[in-house]
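Residue numbers (UniProt numbering): 1 to 173. Ideal Cβ placement from N, Cα and C applies to all residues, glycine included. These numbers come from a predicted model, not from an experiment. Okay, so here's the structure we're looking at.
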Ligand SMILES: [Zn+2]
Ligand SMILES: [Zn+2]
């Protein structure tokens with residue numbers, strides 16, 4: 001959803017509240033595409049803080065469907081976070097100033113979806129597990145080990161296991 005900011009820019013110290021719908025149904029982070037579900041309307045507040053600057057605040061809540069890192073089963077990962085960004089609309093900013101990355105602002109229009117996606121990168125979990133003790137998949141037959149043991153010998157499954165077994169055997173001799 002797009003919000004026009006020109007009105008806010010002309011009224012210093014004024015605050016405007018919006019409710020914006022999230023329109024993106026898939027989040028692409030360069031590694032994978034994750035379906036977006038359970039989207040709640042975004043509560044958005046735009047405050048003119050003077051000097052052609054707008055404080056953009058938002059509260060976001062939705063979930064991504066992500067594969068478990070171990071067994072690849074779909075996991076619903078909820079996200080809920082605040083966003084707070086300062087958008088600068090001053091003309092002829094000093095050339096030496098570090099150009100602010102504002103991929104969510106085009107002209108005087110705020111792209112709410114782009115803002116949320118930009119912030120979401122920071123909140124992506126390092127690890128996604130369907131449960132803490134997910135047993136993963138057998139790397140021999142591909143069976144999901146959470147659903148029961150497969151027929152494969154555990155010792156044959158991973159050559160490293162055999163090495164550890166040998167160390168134990170040697171130590172006990
Ligand atoms: Zn899992
Ligand atoms: Zn197996």
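Item                                                                                          : Value
As assigned by DSSP and simplified to three states, the class of residue 20                   : strand
Closer than 8 Å: residue 142 CB and nearest ligand 2 heavy atom                               : yes
Residue 148 beta carbon near ligand 2 (any heavy atom closer than 8 Å)                        : no
Distance cut-off 8 Å: residue 152 Cβ against heavy atoms of ligand 2                          : yes
Extent of the continuous alpha helix (DSSP H) run through residue 74                          : Per DSSP, residue 74 belongs to no alpha helix (DSSP H); it is in the beta strand (DSSP E), 74-88.
Buried or exposed by the 16-neighbour rule on C-beta atoms within 10 Å, applied to residue 75 : buried
Nearest-angstrom Cα separation, counted from residue 118 out to residue 61                    : 15 Å
Cβ pair count under 8 Å reaching 3, the segment 1-12 against the segment 105-120              : yes
Top-ranked residue by Cα proximity to residue 90, from 65, 52, 66, 105                        : 52
Contact belief for residue 34 with residue 27 at Cβ below 8 Å, rounded distance in angstroms  : 5 Å
Euclidean distance between Cα positions of residue 153 and residue 134                        : 19 Å
The beta strand (DSSP E) enclosing residue 70, as first and last residue numbers              : It is not in any beta strand (DSSP E) - residue 70 carries neither H nor E in the DSSP assignment.
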